[in-house]
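J.:
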Amino acid sequence: MSDGATTAYQKVHDASLADPEGFWREAAGAIDWVTPPTRILDDTRPPFYRWYPDAELNVCFNALDRHVAAGRGDQPAVRYDSPVTGTKATLTYADLLGRVSRFAGALSGLGVEKGDRVVIYMPMVPEAVVAMLACARLGAIHSVVFGGFAPQELAARIEDAEPKVVVSASCGVEPNRVVEYKPMLDAALDRSSHKPESVIVLQREQSRAAVGERDTDWEEMTWDEVYADAEPADCVPVAATDPLYILYTSGTTGKPKGIYRDSGGYAVALRWSMANLYDVAPGETMFTASDVGWVVGHSYIVYAPLLTGATTVLYEGKPVGTPDAGAFWRVIAEYGAVCLFTAPTAFRAIKKEDSTASKLAEHDLSRFRALYLAGERLDPDTYEWASAALGKPVIDNWWQTETGWPIACNPKGIGLMPIKPGSPTVAVPGYDVQVLDGSGQPVGPGVEGAICIKLPMPPGTLPTLWGDDDRYVSSYLSAHPGYYLTGDGGYLDEDGYLYVMGRTDDVLNVAGHRLSTGSLEAALAGHKAVAECAVIGVHDDLKGQVPRALVVLKSGVDAEADGERIRRELVVRVRSEVGAVAALHRVDIVAALPKTRSGKILRKTMREMADGKETAVPATIEDASVLDALAPVLRAPGPA
């Protein structure tokens, strides 16, 4: 495949691999340094590579102070939009700088210094962003835990990070309920052997919490109390290799893995990505519908837009139900967002509620240029629907908590390449993506294998795990020495386009034939009645595993009257598109699929339940009642 955009991309990608130090030296020019880098890459201790090892900076200065000094003080930095509370607010860069410097002073007054940790357990409110940036201002390391996480999961993160201070809120607000945070925080702190010195609680009017009334090992106070007495704090220079934050992801041993992000490489990579991948310029508005508890929220709600001098939207709501399937269109129109970044599952929810996208016509999206999707595989059917509805590019991203920014995408800022539905397009400059077989050898075009990244990975990716180099090596680097193992399987086509077919543990082995759940789900999702679907491999004495499909139908489809016909048609679709070896015989029509709050379908949990195994419900589940409702279906024997 050859066109102008492809040639432009190839030139940039080739340069990034041929001379990574020169490439990332030039990119570092977009950041303001206290001590500019003279060394770009420290490769003296592989596999522990470090970027900009002799440089110093402050990430908060780059996100706020420099923009105010350059005349952007009156520009909106954060647009807070909360349909669940009926609240809206605009914080200019000057407003945000004032709040952040003052809250940094409050933390400093509580003894927080460079290198200390602060756990942030908050909903999608401006104070969460303020707390993150205040930590960065002091050189402290923040660890944001998704508001509402269960006490045992929060306790595990407090144990590992050992924070000096915990910042929380009295509650979170969902469309149909208020979630009390303080009792869960209290339970977590009681359970943890590490006790913070101080706990700060933001009181929300939807449910105020008792603060300072317990006899505890830590001092409790409200946000207003510490903020009122605080003196603004200046930025503290840190080494580029110093940690900015720790973000925990699930570990196979039950102990969460602390992904830590260094300050300099992350700032450079995110600033570069905004121009070259997302095509967002200073002064423009980016709407990322995620949560600050996830890596997408860290990178593209908070740090990347603010490092750029853009405006970011902080949205406390849902794609549907707050109040309807037109919620995203309303936010885009109201704030003039040039792009939206969210998860495919959000668009499947919108499609399910408004299959004709009728709500779009109610809003002016004239400034909107592109939709970016990540977090779950973008099936071709959802791509086609969103593309037809918006009439704008729909761009798939593929990346991980560990990498902090995209591994593969269509680089719109360099030049929009031809889109191939089902593929996140190509490896991002800086990433040497290869598909390897079981012996670690690269495979040819169209051959599935393990997707790996040749070391060193680019700036912004994890340098190691928090306090656990050995686990970093064993989890990611030991399978194929010299490569980072992503844990995803897939293939590269003859044009270098990457196809991510799912986690390697989601590959089915049916009578010796390896089948990816992605290929089966793509066949099912193409049926006009299907809103979304998941395929799991369940144990079979004869074939080892057999596929089983769970399907959610679009609104308006009568499952009672048409269910049997739809099941038969889906079995035929899989046979014709994937092959008879897929042997799909069981299709269950269900009301909803269990997901994490970031939109990932819990295939492993469903597979364990279908196999009759004991399974722990992940703390990241969005709605445990969905899994409870599915339990009898998953455990029922025989074909449906």
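Under UniProt numbering, the first residue of the sequence shown is numbered 1, with each subsequent residue one higher.
Backbone N, C-alpha and C fix where the C-beta goes; we use that ideal spot for every residue, glycine too.
Note that the coordinates shown come from a computational prediction; the quantities given were computed from them, not determined experimentally.
1. Can you tell me whether DSSP reads glycine 109 as helix, strand or coil?
2. Is it buried or exposed, glutamate 113, if we count other Cβ atoms within 10 angstroms and call 16 or more buried?
3. Got a sec, what are the start and stop residues for the beta strand (DSSP E) isoleucine 350 sits in?
4. Please state the DSSP three-state secondary structure of tyrosine 9.
5. Are proline 421 and proline 393 touching if we call contact CB-CB under 8 Å?
6. Within 10 angstroms of its Cβ, does valine 574 collect 16 or more other Cβ (buried), or is it exposed?
7. Output the residue ranges of the beta strand (DSSP E) runs that lie fully inside the stretch 85-153 and measure 3 residues or longer, sorted by chain position.
8. Enumerate, from N- to C-terminal direction, the unbroken alpha helix (DSSP H) stretches of 4 or more residues contained entirely within the stretch 334-414.
9. So, helix, strand or coil for tyrosine 315, using DSSP?
10. Which two residues bound the contiguous alpha helix (DSSP H) that contains lysine 604?
11. Which residue wins for smallest C-alpha separation from glutamate 219, given the options Pro237, Ala134, Val167 and Leu64?
12. One question on the structure: do serine 143 and arginine 157 come within less than 8 Å of each other, judged by their Cβ atoms?
13. Between which two residues does the beta strand (DSSP E) carrying valine 166 extend?
14. Could you say if the stretch 280-292 and the stretch 318-337 meet the contact criterion of at least three C-beta pairs nearer than 8 Å?
15. Under a CB-based cut-off of 8 Å, is aspartate 43 close to chain D?
16. Taking the alpha helix (DSSP H) that arginine 573 falls in, what are its first and last residues?
17. Once DSSP output is grouped into helix, strand and coil, what is the label at cysteine 235?
18. I believe valine 530 touches valine 551 by the beta-carbon criterion, under 8 Å. Please report the beta-carbon distance rounded to the nearest angstrom.
19. Contact between the stretch 230-249 and the stretch 259-267: three or more CB pairs below 8 Å?
20. Thinking C-alpha only, which one of Gly391, Thr403, Ala386 and Cys409 is nearest asparagine 397?
21. Work out the CA separation of glycine 430 and proline 458 for me, nearest whole Å.
22. Rounded to whole angstroms, what is the Cα-Cα separation between alanine 70 and alanine 30?
23. Applying the 10 Å Cβ sphere with the 16-neighbour rule, what's the burial state of serine 555?
24. State buried or exposed for alanine 289, treating a residue as buried only when at least 16 other CB atoms are found within 10 Å of its CB.
25. Leaving aside the five residues before and after serine 193 along the sequence, list all residues of the same chain whose C-beta is less than 6 Å from its C-beta, in chain order.
26. With DSSP collapsed to three states, give me the class of residue 684.
27. Using 8 Å for Cβ pairs, my map puts valine 118 next to leucine 107. What's the rounded Cβ distance?
28. Between the Cα of proline 618 and the Cα atoms of Thr92, Ala150 and Ser366, which residue gives the shortest distance?
29. Between glycine 375 and lysine 600, which are expected to be in contact by the criterion C-beta below 8 Å, what is the C-beta distance as a whole number of angstroms?
30. Please list the segments of the alpha helix (DSSP H) lying wholly inside the UniProt domain "Acetyl-coenzyme A synthetase N-terminal" (9-63), counting only runs of 4 or more residues, in order along the chain.
31. The beta strand (DSSP E) that contains alanine 210, what's its start and end?
32. Below 8 Å on the Cβ atoms is my guess for glycine 489 versus glycine 449; work out the distance and round it to an integer in Å.
33. Just to check my reading of the structure: arginine 79 and threonine 311 have Cβ atoms closer than 8 Å, yes? What is that Cβ distance to the nearest angstrom?
34. For residue 700, which beta-bridge partners are listed by DSSP?
35. For glycine 467, which residues of its own chain have a beta-carbon under 8 Å away from its beta-carbon, when the five flanking residues on both sides are left out?
36. For alanine 435, write down the residues that DSSP places opposite it in a beta bridge.
T.: The structure says:
1. helix
2. exposed
3. Segment 344-353 is the alpha helix (DSSP H) holding isoleucine 350; no beta strand (DSSP E) there.
4. helix
5. no
6. buried
7. With a minimum length of 3 residues, the unbroken runs of beta strand (DSSP E) contained wholly in the stretch 85-153 fall at 87-92, 117-121 and 141-144.
8. Taken in chain order, the unbroken stretches of alpha helix (DSSP H) that lie wholly in the stretch 334-414 and span 4 residues or more are 344-353 and 380-390.
9. strand
10. 603-610
11. Val167
12. yes
13. Membership of valine 166 in the beta strand (DSSP E) is indicated by the continuous run 165-169.
14. Yes, since at least three Cβ pairs between the stretch 280-292 and the stretch 318-337 fall closer than 8 Å, the two stretches touch.
15. Although the question refers to chain D, the structure presented lacks it and comprises just one protein chain.
16. Judged by DSSP secondary structure, arginine 573 falls within the alpha helix (DSSP H) whose first and last residues are 559-577.
17. Correct three-state label for cysteine 235: coil.
18. 6 Å
19. In this structure the stretch 230-249 lies against the stretch 259-267, because at least three pairs of beta carbons, one per stretch, are closer than 8 Å.
20. Cys409
21. Computed Cα separation, rounded: 5 Å.
22. Their backbone Cα atoms lie some 14 Å apart in a straight line.
23. exposed
24. buried
25. none
26. No answer is possible for residue 684: it lies beyond the span of the chain, which begins at 1 and ends at 640.
27. 7 Å
28. Ala150
29. 6 Å
30. 20-27
31. Run containing alanine 210: none; DSSP gives neither H nor E here.
32. Sure, about 7 Å apart at Cβ, within 8 Å.
33. 6 Å
34. This structure cannot settle anything about residue 700, because the visible part of the chain is limited to 1 through 640.
35. Asp160 and Gly258
36. What sits at residue 435 in the sequence shown is valine, not alanine. DSSP, once it has assigned bridges, lists Ile451 as partnering valine 435.
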